[in-house]
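*Asks:*
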Amino acid sequence: MDFVKFEPISIRNHPELNERWVQDRIAEDPSILGLGDVVLKDRERMQPKAGRLDLLLQDVESSRRYEVEIQLGATDESHIIRTIEYWDIERKRYPQYEHTAVIVAEDITSRFLNVINLFNGTIPLIAIQMRALQSGGKVGLVFTTIVDLLSLGLVDEDEEGQEPTDRAYWETRGSKKTVAMADQLLTIAKAHDPTLELKYNKFYIGLARNGQPCNFVVFRPKKGFIRFEVRLRNSPETQERLESAGLDVMDYDNRWGYYRIRLQPGELDKHKLILSDVIAEAYAASAQK
């Protein structure tokens, strides 16, 4: 293969390229943003008394919509406020959908990265850094997710009402065999962090590090099987990979961001390789947040 040296360029300062050009490229192929299998729903969408939303994208496999605002150059106050305002307008107009605000900018500055991280967890928000690269008179775009979507309410376990339980509770609610499967899955997870331990809650068994929730995977033991839930971005490729490996994928929880997989006693050894892979991916994604 021939090595090609790419030269970074500024779209904001380029004599020919502009925001319209960026919009056109994303509209042609929305998947370049890295948001999964999404399609263009609308562009330059009029907002009542608030200007125009650059791009509205929709996930083809779920009810999630992305309100996308593009900023040439560095992020600034008006860009962040405008993005959140358009997200708020759209979610109120179309409450039947799940809405996520997306900021795309050439430079996600450290100052505003801190501000964006403050919003994330209360407002579903993704920050994507856009880089233009030039080689031989041709220009390409590279998009890197700097701040990813956090599932609201999971970190502090609000859905459980802060009600801890114990192993005996789950061995009664499920069975000793299925709770033992949680031990085996914990062993796989501990390859990435030996300090992880099981945390018994009223509605699921989670993971904890030094007593604090670390729920990139959770377990729900039943009488005859365990429901293994792993936090991964929803995509057709991931779905196909899981199913091709022979896993019983029940569904995807769009609200919390988990694939829900049914595992029967005796199946862990059979699926150890794929389970190790997805646990590693989920752990790596959680470590970036």
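Position one of the sequence shown corresponds to residue -7 (this note's numbering), numbered consecutively onward. Glycine is no exception: its CB is placed at the ideal position from the N, C-alpha and C atoms.
Taking CB distances under 8 Å as the criterion, tell me whether Met(-7) reaches chain B.
*Replies:* The structure shown contains no chain B; it holds only a single protein chain.
*Asks:* Closest by CA to Arg252, which one among His263, Lys264, Asp269 and Leu234?
*Replies:* That would be Leu234, whose Cα lies nearest to the Cα of Arg252.
*Asks:* Under the three-state reduction of DSSP, which class applies to Thr170: helix, strand or coil?
*Replies:* Looking at Thr170 - three-state DSSP - the assignment turns out to be helix.
*Asks:* Would Tyr275 pass as a contact of Phe220 if the rule is Cβ separation under 8 Å?
*Replies:* Cβ distance not < 8 Å, so Tyr275 and Phe220 don't count as in contact.
*Asks:* Determine, using beta carbons only, whether Ala42 and Glu77 come nearer to each other than 8 Å.
*Replies:* Yes, Cβ-Cβ distance for Ala42 and Glu77 is below 8 Å.
*Asks:* Can you grab the Cα-Cα spacing for the pair Ser291 / Thr179, in whole Å?
*Replies:* Look at the range of the chain in this structure, -7 to 281, and you will see that residue 291 is not part of it.
*Asks:* Under three-state DSSP, which class holds Pro40?
*Replies:* Reduced to three states, the DSSP call for Pro40 is coil.
*Asks:* What is the residue span of the beta strand (DSSP E) that Gln63 lies within?
*Replies:* Where Gln63 is concerned, the enclosing beta strand (DSSP E) stretches over Arg56 to Ala66.
*Asks:* State buried or exposed for Phe(-5), treating a residue as buried only when at least 16 other CB atoms are found within 10 Å of its CB.
*Replies:* With fewer than 16 Cβ atoms within 10 Å of its Cβ, Phe(-5) is classed as exposed.
*Asks:* If we ignore side chains and look at the alpha-carbon of each, how far apart do Ser227 and Glu53 end up?
*Replies:* If I take the Cα positions, the gap works out to 8 Å.
*Asks:* Please classify Asp158 as buried or exposed, where buried requires at least 16 other C-beta atoms within 10 Å of its C-beta.
*Replies:* Asp158 comes out exposed.
*Asks:* Express the C-alpha separation of Ala124 and Ser2 in angstroms, rounding to a whole number.
*Replies:* Near 7 Å, if we compare the C-alpha coordinates of Ala124 and Ser2.
*Asks:* Is Gly153 helix, strand or coil when you go by DSSP?
*Replies:* For Gly153, the predicted structure reports a pLDDT of 39, less than 50, and the residue's modelled location is therefore unreliable. A value from the coordinates is still provided. Coil, per DSSP.
*Asks:* In whole angstroms, give me the CA-to-CA distance for Ser236 and His263.
*Replies:* Their backbone Cα atoms lie some 11 Å apart in a straight line.
*Asks:* For Asn193 and Asp185, what's the separation of their Cα atoms in angstroms?
*Replies:* Roughly 21 Å separates the two Cα atoms.
*Asks:* Please list, in chain order, all residues of the same chain as Arg17 whose beta carbon is under 8 Å from its beta carbon, the five residues on each side excluded.
*Replies:* The residues are Ile24 and Leu133.
*Asks:* Is it right to say Gly153 is buried, meaning 16 or more other beta carbons lie within 10 angstroms of its own, or is it exposed?
*Replies:* Interpretation of Gly153 is limited by its pLDDT of 39, a score under 50 that renders its predicted location unreliable; no figure is taken from the coordinates.
*Asks:* Using the DSSP secondary-structure output, state which residues sit across from Leu97 in a beta bridge.
*Replies:* Residue 97 is actually Ala in this sequence, not Leu. DSSP, once it has assigned bridges, lists Gln63 and Gln121 as partnering Ala97.
*Asks:* Going straight from the alpha carbon of Glu259 to that of Phe195, what length do you get?
*Replies:* If you take the alpha carbons of Glu259 and Phe195, they lie about 23 Å apart.
*Asks:* Can you tell me whether DSSP reads Asp175 as helix, strand or coil?
*Replies:* Here Asp175 sits in helix by DSSP.
*Asks:* Does DSSP put Phe(-2) in a helix, a strand or coil?
*Replies:* DSSP places Phe(-2) in coil when its eight states are reduced to three.
*Asks:* Using CA atoms only, rank isn't needed, just tell me which of Pro156, Arg212, Thr187 and Glu98 is closest to Arg165.
*Replies:* The shortest C-alpha separation from Arg165 is found at Arg212.
*Asks:* What is the DSSP secondary structure of Tyr251, counted as helix, strand or coil?
*Replies:* DSSP places Tyr251 in strand when its eight states are reduced to three.
*Asks:* Would you identify the three-state DSSP class for His91, choosing helix, strand or coil?
*Replies:* The answer is strand: DSSP assigns His91 an E or B state.
*Asks:* Starting from Pro213, follow its DSSP beta bridges and name the residues at the other end.
*Replies:* DSSP lists Ile218 as partners of Pro213.
*Asks:* Arg72 bridges to which residues according to DSSP?
*Replies:* Just to set this straight, residue 72 is Ile in the shown sequence, not Arg. BP columns for Ile72 are empty, so no partner.
*Asks:* When burial is assigned at 16 or more other CB atoms within 10 Å of the CB, is Val107 buried or exposed?
*Replies:* The residue in question, Val107, is exposed, as its Cβ has fewer than 16 Cβ neighbours within 10 Å.
*Asks:* Give me, in chain order, the residues of the same chain whose beta-carbon lies closer than 7 Å to that of Gly198; leave out the 5 immediate sequence neighbours on both sides.
*Replies:* Around Gly198: Lys191, Pro205, Asn207 and Val210.
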